[in-house]
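Before any comments, here is the structure.
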Amino acid sequence: MPVDRALDDAAREVAASYARRSGVDVRRLQSAETQEACDLLAQIWASGRGRVPIEASLLVALLHSDNYVAGAFDGTRLVGVCVGFFTSPGQAGLHSHIAGVRRTHVGRGVGVALKLHQRAWAIGNGITTISWTYDPLVARNAYFNLHRLGARAIDYVPDFYGDMSDGLNDGHGSDRMVTRWDLAVWPPDHSAMPVGPPALELGRAREPVRITVPADAQTCRVAVPDDIGALRLRDVDLAVEWRRTTRDVLTDLIGSGWSISGFARAGFYSLERTPAHGTTR
């Protein structure tokens with residue numbers, strides 16, 4: 001695919017600036033570094049019992065076939081990993097399969113630095129979009145993906161990976177929000193999101209409460225817990241109820257013509273009714 005040289009230069013400059021600001025060096029990994037990357041991802045995902053989210057041999061294969069396998073380094077210490085591979089021929093896309101930051105470095109901007117390095121690398125290879133998935137109940141990831149990066153949530157897929165046994169997902173299903181990032185757009189548009197009536201909100205006991213959206217509403221909002229990870233440790237049944245209810249609400253809305261326009265720091269998705277569907281009477 002042809003490369004937009006002006007966009008390529010600008011993307012590299014932005015990526016380098018964010019890496020400096022975060023105090024890390026982001027670069028593609030060498031084959032000899034892939035086991036360290038797998039070990040870090042296993043720590044982040046709390047895989048346990050010798051399991052890892054991704055094997056070092058697969059990372060070596062991805063590197064050898066010129067896919068994206070990169071790390072963020074604080075000095076000589078690996079503190080972040082991001083892995084992606086090319087999508088279907090002719091789509092000019094990259095799928096970002098897994099990314100994580102060492103807990104000691106969360107909140108320092110390392111995640112943004114990694115994604116912007118991935119963006120610059122993709123643009124330099126003629127790629128126009130990056131897709132990935134995330135757990136729609138994890139508020140911090142929703143905010144990071146949809147607000148900080150400006151990616152668009154395009155679909156909700158129940159049990160995307162089937163049953164998962166790592167420490168983050170075991171027993172809670174693998175529902176995922178599919179996102180797509182238009183690489184030509186940076187910085188993201190942070191204009192005010194419309195805030196409509198609730199379709200799902202937190203009750204007095206922090207339980208999910210589903211609410212019927214008015215027929216003439218053009219916007220609505222869907223709340224999620226502020227920390228689903230902590231809730232899963234504290235109250236498994238309530239966490240499972242959140243998964244079930246959020247799945248029902250979001251799939252119903254998306255299936256009936258609503259689209260997700262963003263995620264607010266206050267902890268809710270903002271949705272808009274698509275013009276083709278209009279209002280329901």
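For the sequence shown, UniProt numbering gives the first residue as 1, with consecutive numbering after it.
No residue lacks a Cβ here, since even glycine has one placed at the ideal position from N, Cα and C.
- Cβ contact annotation for Val60 (same chain, cutoff 6 Å, sequence separation greater than five): Ser31 and Thr34, in chain order.
- Taking 3 residues as the shortest admissible run, the stretch 169-203 contains the following complete beta strand (DSSP E) segments, listed from N- to C-terminal end: 176-182 and 198-202.
- Across the set Leu29, Ala217 and Asp66, the C-alpha of Ala217 shows the shortest separation from the C-alpha of Pro198.
- When beta bridges are read from the DSSP output, His105 appears opposite no residue.
- In the three-state reduction of the DSSP assignment, Val83 falls in the strand class, which pools E and B.
- By the neighbour-count criterion, in which 16 or more other beta carbons inside 10 Å mark a residue as buried, Gly80 falls on the buried side.
- Taken in chain order, the whole beta strand (DSSP E) runs of length 3 or more contained in the stretch 209-245 are 219-223.
- Here DSSP, grouped into helix, strand and coil, assigns Val112 to helix.
- Under the DSSP assignment, Tyr68 falls in the beta strand (DSSP E) whose first and last residues are Tyr68 to Asp74.
- Going by DSSP, Thr133 is part of the beta strand (DSSP E) stretching over Thr129 to Tyr134.
- The DSSP-derived three-state label of Arg119 is helix.
- Rounded to whole angstroms, the Cβ separation of Leu116 and Gly71 is 14 Å, and the two are not in contact under 8 Å.
- Ranked by how close their Cα comes to the Cα of Cys38, the residues Arg140, Glu55 and Thr128 have Glu55 in first place.
- Contact between the stretch 255-267 and the stretch 136-148 is established, with three or more Cβ pairs separated by less than 8 Å.
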